[in-house]
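Going by our numbering, 441 is the number at position 269 of the sequence shown; the sequence numbering is gapless. Yeah, the Cβ is synthetic: ideal placement off N, Cα and C, and Gly gets one too. Keep in mind it's a predicted model, so treat the numbers as computed, not measured. To start, the structure under review is shown below, and the notes come after it.
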Amino acid sequence: MYSSSNHTGILLAPNAFKGSLDAFEVCSYLAASLADPRYTLYPLPAGDGGDGTAAILAYYLKATPVQLEAQDPIGRFHKTTYYRIGDLALIELASICGLKHLKESEYNVYQAHTAGLGRAINHAQENGVRRIWLCVGGSASIDGGSGALQEMGLQLFKSSDHYSNHILEIESINPHDLKEKFKDIAFTVLCDVDTPLCGPQGAAALFGPQKGASAKQISLLDQKLKNYASLLSAYSTKEVSGIKYGGAAGGIAAAFAALLNAELVSGSAYYLHYSGFNKLLSHCAWVITGEGHLDKQSLYGKIPGVIAKICKQNKVNLLAVCGSAESGIEDFNRIFELVSYAPSTTEAILHPELYFPAICQEIKNYLLTCPPS
173 MYSSSNHTGI LLAPNAFKGS LDAFEVCSYL AASLADPRYT LYPLPAGDGG DGTAAILAYY
233 LKATPVQLEA QDPIGRFHKT TYYRIGDLAL IELASICGLK HLKESEYNVY QAHTAGLGRA
293 INHAQENGVR RIWLCVGGSA SIDGGSGALQ EMGLQLFKSS DHYSNHILEI ESINPHDLKE
353 KFKDIAFTVL CDVDTPLCGP QGAAALFGPQ KGASAKQISL LDQKLKNYAS LLSAYSTKEV
413 SGIKYGGAAG GIAAAFAALL NAELVSGSAY YLHYSGFNKL LSHCAWVITG EGHLDKQSLY
473 GKIPGVIAKI CKQNKVNLLA VCGSAESGIE DFNRIFELVS YAPSTTEAIL HPELYFPAIC
533 QEIKNYLLTC PPS
């Protein structure tokens with residue numbers, strides 16, 4: 173915390189700038205560039221279930237890292253990390269087999285899978301963990317978690333074996349071994365979106381395009397997810413296809429809820445609770461949040477939108493700092509974009525640290541002309 177005797181409290185709660193900076197780095201740059209005797213700064217790096225959330229929760233919970241090797245979305249083994257405190261493991265899909273592990277030329281929704289996540293879960297279970305929090309944003313796949321679950325013991329019966337994304341070919345499943353192996357494990361899935369598994373607002377339709385899927389592929393994947401939901405429903409009391417949060421991470425949330433009785437929750441809510449956000453908010457006149465690209469999707473379940481609602485309810489002023497922003501977003505007092513200072517979007521992504529001093533000086537000027545209401 174950066175303090176002074178005569179201060180205006182500013183809570184710094186940015187999300188990661190995907191593909192550029194993690195939330196800790198954004199907080200650090202903001203705190204360094206905003207340091208001023210007039211302000212007390214409260215750095216509180218944020219996560220909503222997506223990139224970096226496990227590390228952020230580990231920071232607040234004082235969990236320790238555990239290293240292992242696991243598969244990326246197209247099967248390449250690499251060193252990765254999850255976190256542990258007592259009998260609790262914090263495991264993040266994005267850091268193991270997320271979209272960030274692929275070049276754009278490698279995006280392939282018919283081949284991308286989640287087997288690496290299953291390998292990490294196995295490792296945690298074999299080492300005595302009894303509770304697992306899965307942070308599932310930032311996925312590269314739309315496999316309904318079939319890759320992870322097969323790695324964990326789910327038997328899949330397929331019509332052929334052409335694709336690494338199993339849902340394209342699954343005809344039936346047998347979860348007996350899976351359920352037996354994990355019967356004593358309590359799963360909680362931290363989601364960054366609340367979309368259902370299937371349909372026009374489902375996993376394929378909403379998030380297929382950002383994973384490289386064509387319209388034809390999206391249509392096929394949605395149909396396969398509906399078939400998959402029917403298979404899962406035979407082993408669950410839940411209405412799988414429409415369950416809230418079920419479409420998170422290409423449908424992995426729905427599958428874990430159906431077969432392992434996982435609790436599906438808002439990743440943002442866990443961040444708010446374990447970071448002590450609301451307690452610190454009472455000391456602040458301003459909040460600064462943001463993420464790499466701020467758009468209307470940022471307002472639905474993702475941390476900038478969640479914080480915007482809280483600030484509105486508590487009549488606290490809110491600023492956003494981002495790489496770039498979609499026009500027409502009205503939930504913030506003002507939005508500051510790095511691309512306004514960098515010569516190009518690419519430069520803003522590659523060297524964002526060069527532009528934080530200028531953007532923070534503009535924020536200081538703004539705060540002087542707009543004292544807290």
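Terminal residues of the alpha helix (DSSP H) in which residue i lies
i: residue 489; result: Counting along the chain, residue 489 falls outside any alpha helix (DSSP H), though it belongs to the beta strand (DSSP E) covering 489–494.
i: residue 199; result: 195–206
i: residue 423; result: 420–432
i: residue 391; result: 387–405
i: residue 478; result: 475–486
i: residue 520; result: 517–522
i: residue 440; result: 439–447
i: residue 529; result: 528–541
i: residue 379; result: 375–379
Enclosing beta strand (DSSP E) for residue i [first to last residue]
i: residue 261; result: 260–264
i: residue 345; result: 342–346
i: residue 322; result: Careful: residue 322 lies outside any beta strand (DSSP E), inside the alpha helix (DSSP H) at 318–324.
i: residue 181; result: 180–184
i: residue 360; result: 358–363
i: residue 415; result: Per DSSP, residue 415 belongs to no beta strand (DSSP E) and is neither H nor E.
i: residue 303; result: 303–307
i: residue 242; result: 236–243
Length of the line joining the Cα atoms of residue i and residue j
i: residue 331; j: residue 353; result: 26 Å
i: residue 514; j: residue 522; result: 10 Å
i: residue 377; j: residue 340; result: 16 Å
i: residue 383; j: residue 502; result: 28 Å
i: residue 335; j: residue 246; result: 11 Å
i: residue 283; j: residue 272; result: 16 Å
i: residue 479; j: residue 446; result: 15 Å
i: residue 477; j: residue 440; result: 10 Å
i: residue 250; j: residue 454; result: 43 Å
i: residue 404; j: residue 275; result: 32 Å
i: residue 333; j: residue 256; result: 36 Å
i: residue 197; j: residue 525; result: 9 Å
i: residue 286; j: residue 310; result: 12 Å
i: residue 536; j: residue 180; result: 12 Å
i: residue 504; j: residue 484; result: 9 Å
i: residue 221; j: residue 427; result: 17 Å
i: residue 486; j: residue 437; result: 23 Å
i: residue 203; j: residue 389; result: 44 Å
i: residue 548; j: residue 301; result: Nothing can be reported for residue 548, as the shown portion of the chain is limited to 173 through 545.
i: residue 401; j: residue 474; result: 25 Å
i: residue 456; j: residue 232; result: 20 Å
i: residue 364; j: residue 350; result: 26 Å
i: residue 207; j: residue 398; result: 52 Å
Beta-carbon contacts of residue i that lie in its chain and below 8 Å, excluding the five residues immediately before and after
i: residue 373; result: 367, 419
i: residue 290; result: 319, 320, 321, 322, 323, 324
i: residue 468; result: 498, 500, 501
i: residue 348; result: 327
i: residue 173; result: Here residue 173 scores only 40 on pLDDT, less than 50, and its place in the model should not be relied on; the value that follows carries that caveat. Excluding residues within five positions, the ones whose Cβ falls inside 8 Å are 212, 213, 214, 215.
Spatially closest choice to residue i from the options, by CA coordinates
i: residue 391; options: 483, 411, 370, 409; result: 370
i: residue 380; options: 198, 406, 280; result: 280
i: residue 237; options: 417, 207, 292; result: 292
i: residue 542; options: 489, 497, 328; result: 489
i: residue 295; options: 253, 269, 329, 311; result: 253
i: residue 267; options: 248, 226, 278; result: 226
i: residue 466; options: 493, 487, 456, 203; result: 493
i: residue 343; options: 532, 329, 432, 408; result: 329
i: residue 411; options: 487, 396, 433, 395; result: 433
i: residue 277; options: 385, 345, 356; result: 385
i: residue 228; options: 444, 481, 456, 393; result: 444
i: residue 396; options: 338, 199, 481, 230; result: 338
Residues of its chain near residue i, where Cβ-Cβ distance is below 6 Å and the 5 sequence neighbours each way are ignored
i: residue 451; result: none
i: residue 442; result: 362
i: residue 528; result: 201, 205
i: residue 224; result: 188, 194, 195
i: residue 358; result: 303
Same chain, Cβ closer than 7 Å to residue i, five either side skipped, listed in chain order
i: residue 299; result: none
i: residue 506; result: 491, 538
i: residue 534; result: 508
i: residue 235; result: 255, 256, 257, 262
i: residue 511; result: 495, 496, 517, 520
i: residue 531; result: 493, 508, 510, 513
i: residue 407; result: 347, 430, 431
i: residue 470; result: 463, 476, 477
i: residue 288; result: 242, 243, 244, 268, 269
Near the ligand PLP: residue i beta-carbon under 6 Å from a heavy atom
i: residue 421; result: Looking at this structure, you won't find the ligand PLP or any other ligand, since it has none at all.
is_contact[residue i, chain C] using C-beta, thresh 7 Å
i: residue 364; result: Although the question refers to chain C, the structure presented lacks it and comprises just one protein chain.
Counting pairs of beta carbons, one from the region 181–189 and one from the region 211–228, are three or more of them closer than 8 Å? yes
Do the region 235–244 and the region 449–460 touch if we need at least three Cβ pairs shorter than 8 Å? no
How about the region 414–425 and the region 305–321: do they share at least three Cβ pairs that are nearer than 8 Å? yes
Given 8 Å as the limit, is there contact between the region 187–200 and the region 401–417, that is, 3 or more CB pairs closer than that? no
Quick one: any contact between the region 303–311 and the region 252–266, if contact means 3 or more CB pairs under 8 Å? yes
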